[in-house]
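Enquirer:
2 protein chains.
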Amino acid sequence: METVYLDHISATPLHPEVKRVIIDHISHSFGNPVSQHRVGDAALEALEGAREEVARLINANPEEVVFTSGGTESINHAIKGVALARAKKGNHIITSNIEHNAVLKSLRMLERMGYRVTSVPVDEFGLVDPDGVKKAITDETILVSIMHANNEIGTIEPIAEIGRITRERNIPFHCDAVVSAGVVPVDVEEMGIDLLSIAANQFYGPSGVGALYIRPKTEIWPLLDGGMQEGSRRGGTHNMAGIVGMGKAAELARKEMPQRMEHLLQLKKAFIDGLGLIEDVLLNGHPTQSLPNLASISVSYVEGESMVLLLDEEGICVSTRSACASGSLRASHVLLSIGRDYAEAQGTLLFSFGMTNTLGEVERALETLKEVVATLRNISPLYRKEG
Amino acid sequence: METVYLDHISATPLHPEVKRVIIDHISHSFGNPVSQHRVGDAALEALEGAREEVARLINANPEEVVFTSGGTESINHAIKGVALARAKKGNHIITSNIEHNAVLKSLRMLERMGYRVTSVPVDEFGLVDPDGVKKAITDETILVSIMHANNEIGTIEPIAEIGRITRERNIPFHCDAVVSAGVVPVDVEEMGIDLLSIAANQFYGPSGVGALYIRPKTEIWPLLDGGMQEGSRRGGTHNMAGIVGMGKAAELARKEMPQRMEHLLQLKKAFIDGLGLIEDVLLNGHPTQSLPNLASISVSYVEGESMVLLLDEEGICVSTRSACASGSLRASHVLLSIGRDYAEAQGTLLFSFGMTNTLGEVERALETLKEVVATLRNISPLYRKEG
């Protein structure tokens with residue numbers, strides 16, 4: 000039985016070209032790019048080539064890109080780094096109700112240190128109201144952090160509008176673009192973003208490598224204090240294999256984005272159209288303003304974890320929620336924020352599509368899902384079959 | 000002309016076996032170990048296998064090992080994480096004069112937040128006096144951070160003695176073992192260590208991956224807040240290729256350590272014996288209590304940077320100091336701390352040996368060094384040839 004992998008939001012496979020450059024890199028090179036001899040020079044060239052490609056993906060200048068160990072580090076760096084550097088100017092931070100745990104927990108840590116956080120609500124589609132952000136701003140506000148696309152429901156936020164507001168008020172604006180960068184267009188200029196977090200493993204690059212875009216003159220402390228790497232903004236010896244892979248993945252994502260998006264939208268449409276076969280299923284997130292590769296559904300009367308396990312037995316790999324929240328027994332804060340009740344939140348599945356998925360795989364996933372749901376509902380005390 | 004790489008303290012090449020497991024991993028696997036399906040299961044198995052090997056290297060239990068993006072992250076996590084978590088118990092931290100920049104700058108950041116730091120001095124060999132640490136302890140002391148081996152002069156500190164003192168006083172003890180773990184024996188039990196920072200690229204593993212040992216019940220906050228990975232101690236998707244490589248490198252380091260140490264000591268001895276050919280050269284660090292793979296020398300009347308460049312032209316790769324400090328124009332704080340003057344510090348070179356270096360390479364390096372020093376002294380206004 001062939002595995003049908005529909006969990007690209009947790010991890011994308013390496014693009015064959017990315018795999019090639021990583022293997023090539025580790026086969027021929029090992030130097031430290033900060034060394035001053037020939038072995039270091041080769042590493043430096045590879046490092047800066049990758050930086051240029053990441054910069055191009057988000058319409059930034061290479062020197063504004065800091066390599067990190069992934070989206071979580073980028074987010075922690077942006078939020079804690081700005082909050083600590085600007086502590087004398089105020090102690091208030093604005094975010095939304097549906098951010099990733101890396102944002103929420105970084106803010107919780109800051110709250111324990113005395114910062115105040117305002118969390119603006121979202122509507123039933125998960126949309127942040129830019130006007131809500133505007134109204135939340137006080138003279139003490141030192142940072143606004145709103146995600147680009149939500150990792151559980153796919154909704155894409157009106158970032159450019161929020162960016163206009165923060166720019167007007169001269170407040171640094173961090174945008175968590177971990178699940179959107181490399182998938183849909185991201186432009187730090189057009190969107191008025193001062194800090195942008197991205198991760199390579201969302202666009203067929205390696206896991207454990209990411210970047211933080213930092214607009215020049217942004218007041219920010221390092222998260223990783225140490226050596227003079229990355230313009231003294233992030234100490235630590237570079238993960239060269241990961242960075243080289245991220246550079247290639249960024250290049251391919253930029254070049255192939257229109258075709259990839261078209262393919263993904265086709266798969267997503269087929270999936271959503273096919274859901275009609277199953278009763279009592281709700282689609283989560285905005286119907287159009289959303290990621291092309293993610294469909295979140297809440298299936299009544301069944302548990303998400305049970306569906307994942309039975310689907311896995313049939314070779315279909317999906318997830319119940321953000322991979323980073325795996326192991327948590329709590330209902331998703333994102334789903335509760337858009338008005339789902341506890342049971343609906345617990346019956347939620349994420350189907351996330353990738354470049355190599357086919358319409359046939361989507362069809363098989365739908366058929367299997369239908370069977371799995373029927374099996375589970377048959378043994379569910381909550382489910383009363385009518386008629 | 001064959002390159003002679005004598006800069007292992009900046010980066011070690013991948014062990015062929017490590018290279019093989021990384022290539023094998025990225026060729027066949029890509030899952031996220033926290034996913035709940037078959038693709039994730041394979042990644043989880045690889046992750047936990049690597050964790051066991053890292054634990055065995057330092058005599059720890061696997062669940063006490065947290066994977067990080069390298070030595071710098073581990074150090075930042077240990078120092079900032081303990082300082083923030085224990086803020087209510089005190090605000091005083093003890094360290095030494097010769098720590099790595101990741102330690103010094105993390106502490107500087109904490110000082111800006113109101114913490115107080117006592118830096119104990121070292122003797123002419125770079126040795127910390129355990130009694131000095133003991134005397135520096137106050138009722139406010141919440142952390143002691145002393146490195147195992149110094150990355151610029153190689154001196155190995157009396158960690159077990161310091162560990163006995165901190166344990167007696169119930170103060171968490173962080174040890175930066177970045178350049179020693181995997182090179183010489185490290186045992187968190189015998190040494191009384193509560194937090195230990197290590198990096199794979201010091202023992203033929205990949206760069207950009209490391210670990211932090213955390214003794215159970217140590218009060219510490221995460222540095223990377225986010226998902227529930229690593230027992231909620233470190234959020235972020237794992238750098239699986241790096242971690243798998245680190246696991247294999249740790250296994251090999253443990254098994255091959257006696258032979259490697261013998262080989263390295265032989266190379267180091269040959270190098271030091273051969274230095275007699277060059278006038279006015281000082282050896283830095285402790286003559287015996289030191290790393291087997293590092294020799295630091297201060298060459299009078301010449302600049303380290305010039306020697307690195309001329310040696311590089313002849314195919315000999317060395318460095319002037321910690322790679323992380325490359326680009327800094329300041330004299331090394333380590334060399335000044337052991338009593339070298341500014342000129343001596345600026346005339347310092349690090350020769351760091353590796354598994355594949357040969358006695359012939361050491362001989363060639365010495366001969367080339369002799370020529371390079373003669374060339375530079377001939378044009379140096381500081382050098383007056385006598386006789």
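Read top to bottom, the protein sequences are chains A and B. By numbering that gives the first Met the number 0, the letter at position 348 of the first sequence is numbered 347, and the numbering carries on one by one without gaps. By numbering that gives the first Met the number 0, the letter at position 367 of the second sequence is numbered 366, and the numbering carries on one by one without gaps. Beta carbons are placed, not taken as given, at the ideal position from N, Cα and C, and that holds for glycine. All of these numbers come straight from a predicted model, not from anything done at the bench.
Please list the terminal residues of the continuous beta strand (DSSP E) segment that includes R115 (chain A).
Expert: Start and end: 115 to 119.
Enquirer: Note down, in chain order, every chain B residue with its Cβ under 7 angstroms from the Cβ of F29 (chain A).
Expert: Neighbours of F29 (chain A) on chain B, chain order: A10, P12, L13.
Enquirer: Let me confirm a value: V371 (chain A) is counted as buried when at least 16 other C-beta atoms fall within 10 Å, else exposed. Which label applies?
Expert: When all chains shown are included, V371 (chain A) counts as buried.
Enquirer: Whose Cβ in chain B lies nearer than 8 angstroms to the Cβ of Y114 (chain A)?
Expert: Per Cβ cutoff of 8 angstroms: no residues; Y114 (chain A) is ~13 angstroms from chain B at best.
Enquirer: Given that A101 (chain A) touches chain B, what residues does it touch there, using C-beta distances under 9 angstroms?
Expert: Within chain B, the residues near A101 (chain A) are L223, D224, G225, G226, G234, G235.
Enquirer: What does D229 (chain A) reach in chain B if we use C-beta pairs closer than 9 angstroms?
Expert: In the sequence on display, residue 229 (chain A) carries Glu and not Asp. Going along chain B, no residue has its Cβ under 9 angstroms from E229 (chain A), so there is no contact; the nearest lies around 11 angstroms.
Enquirer: Just how far apart, CA to CA, sit L46 (chain B) and S73 (chain B)?
Expert: Spanning the two alpha carbons is a distance of roughly 18 angstroms.
Enquirer: Counting only Cβ pairs nearer than 7 angstroms, list the residues of chain A close to R37 (chain B).
Expert: T2, D311, C316, listed in chain order.
Enquirer: Measure the C-alpha to C-alpha separation of S396 (chain A) and Y300 (chain A) and round it to an integer number of angstroms.
Expert: Examination of residue 396 (chain A) is not possible in this model, given that chain A is present from 0 through 386 alone.
Enquirer: Which residue from B:A198, B:E156, B:R320 puts its Cα closest to that of S95 (chain B)?
Expert: Checked all of B:A198, B:E156, B:R320; the closest Cα to S95 (chain B) is B:E156.
Enquirer: Could you name the residues of the same chain whose beta carbon sits closer than 6 angstroms to that of H76 (chain A), not counting the 5 residues immediately before and after it, in chain order?
Expert: Result list for H76 (chain A): L211, L222, in chain order.
Enquirer: With 16 as the cutoff for other CB atoms within 10 Å, does S397 (chain A) come out buried or exposed?
Expert: Residue numbering for chain A in the displayed model covers 0 to 386; residue 397 (chain A) lies beyond these limits and cannot be assessed.
Enquirer: For R376 (chain B), I'd like the list of residues in its chain whose CB is within less than 7 angstroms of its CB, leaving aside the five on either flank, ordered along the chain.
Expert: The answer, listed in chain order, is Y300, V301, Y382.
Enquirer: Whose C-beta lies closer than 6 angstroms to the C-beta of M260 (chain A) among residues of the same chain, with five residues either side of it excluded?
Expert: Same-chain partners within the cutoff: P291.
Enquirer: Compare the Cα-Cα distances from P12 (chain B) to each of B:I170, B:H237, B:L368, B:T355 and report the closest residue.
Expert: Among B:I170, B:H237, B:L368, B:T355, the Cα nearest to that of P12 (chain B) is on B:T355.
Enquirer: Along chain B, which residues have their Cβ under 9 angstroms away from the Cβ of D6 (chain A)?
Expert: The contacting residues are G30, N31, S34, H36, V38, G39.
Enquirer: Does the beta-carbon of E63 (chain B) have 16 or more other beta-carbons within 10 angstroms, so that it is buried, or is it exposed?
Expert: Buried, because 16 or more other Cβ atoms sit within 10 Å of the Cβ of E63 (chain B).
Enquirer: Using 10 angstroms around the beta-carbon of E98 (chain B), count the other beta-carbons present and answer buried if the total reaches 16, otherwise exposed.
Expert: By the neighbour-count rule (16 or more Cβ atoms within 10 Å), E98 (chain B) is buried.
Enquirer: If the cut-off is 8 angstroms on Cβ atoms, which residues from the region 186 to 217 of chain A count as contacting chain B, listed in chain order?
Expert: Taking 8 angstroms as the Cβ-Cβ cut-off against chain B, the residues of the region 186 to 217 of chain A that qualify are A198, N200, P205, S206, G207, V208.
Enquirer: According to DSSP, is P3 (chain A) part of a helix, a strand, or is it coil?
Expert: The residue you asked about is not Pro; residue 3 (chain A) is Val in the sequence shown. Here V3 (chain A) sits in strand by DSSP.
Enquirer: Does D340 (chain B) come out as helix, strand or coil in the three-state DSSP assignment?
Expert: DSSP places D340 (chain B) in coil when its eight states are reduced to three.
Enquirer: How close, in whole Å, do the beta carbons of I78 (chain B) and S144 (chain B) come, if the pair is a contact with beta carbons under 8 angstroms?
Expert: Indeed, because the Cβ distance is near 6 angstroms, the residues count as touching under 8 angstroms.
Enquirer: Which class does G284 (chain A) belong to by DSSP, given the choice of helix, strand or coil?
Expert: Three-state DSSP puts G284 (chain A) in coil, outside helix and strand.
Enquirer: Output yes or no for whether 7 angstroms exceeds the beta carbon distance between F66 (chain B) and I242 (chain B).
Expert: Against a cut-off of 7 angstroms, the Cβ pair of I242 (chain B) and F66 (chain B) comes out as a contact.
Enquirer: Which one of A:I141, A:N90, A:P120 has the shortest CA to CA distance from G113 (chain A)?
Expert: It is A:N90.
Enquirer: Looking at K369 (chain B): is its Cβ nearer than 7 angstroms to the Cβ of I277 (chain B)?
Expert: Their beta carbons are under 7 angstroms apart, which means K369 (chain B) touches I277 (chain B) by this criterion.
Enquirer: How big is the Cα-Cα spacing for R166 (chain A) and V127 (chain A)?
Expert: Those two C-alpha atoms are separated by around 18 angstroms.
Enquirer: May I have the straight-line CA-CA distance separating I22 (chain B) from L365 (chain B), to the nearest angstrom?
Expert: Distance between the alpha carbons of I22 (chain B) and L365 (chain B) is about 36 angstroms.
Enquirer: Taking beta-carbon pairs under 8 angstroms, can you tell me which members of the region 284 to 307 of chain B lie near chain A?
Expert: Under the 8 angstroms Cβ criterion, the region 284 to 307 of chain B contributes E304, V307.
Enquirer: How would you call E385 (chain A), buried or exposed, if buried means at least 16 neighbouring beta carbons within 10 angstroms?
Expert: Annotation note: pLDDT 49 at E385 (chain A) (below 50); position unreliable, no value reported.
Enquirer: Of the residues that make up the region 123 to 151 of chain A, which ones have a beta carbon closer than 8 angstroms to any beta carbon in chain B?
Expert: Residues: none.
Enquirer: Do S297 (chain B) and T347 (chain B) come within 7 angstroms of each other at the CB atom, strictly closer than that value?
Expert: Yes, the Cβ-Cβ distance between T347 (chain B) and S297 (chain B) is below 7 angstroms.
Enquirer: Are any of the Cβ atoms in chain B nearer than 7 angstroms to that of T71 (chain A)?
Expert: For T71 (chain A), the answer is yes, since a Cβ of chain B falls inside 7 angstroms of its Cβ.
Enquirer: Between I92 (chain A) and the ligand SAM, is the CB less than 6 angstroms from at least one heavy atom?
Expert: As far as ligands go, the structure on display features none, and thus does not contain the ligand SAM.
Enquirer: Looking at the secondary structure, which residues open and close the beta strand (DSSP E) in which T140 (chain B) lies?
Expert: Start and end: 140 to 144.
Enquirer: Could you round the C-beta distance between R168 (chain A) and I136 (chain A) to whole angstroms and report it? I think they count as a contact, below 8 angstroms.
Expert: With 8 angstroms as the limit, R168 (chain A) and I136 (chain A) qualify as a contact, their Cβ atoms being about 6 angstroms apart.
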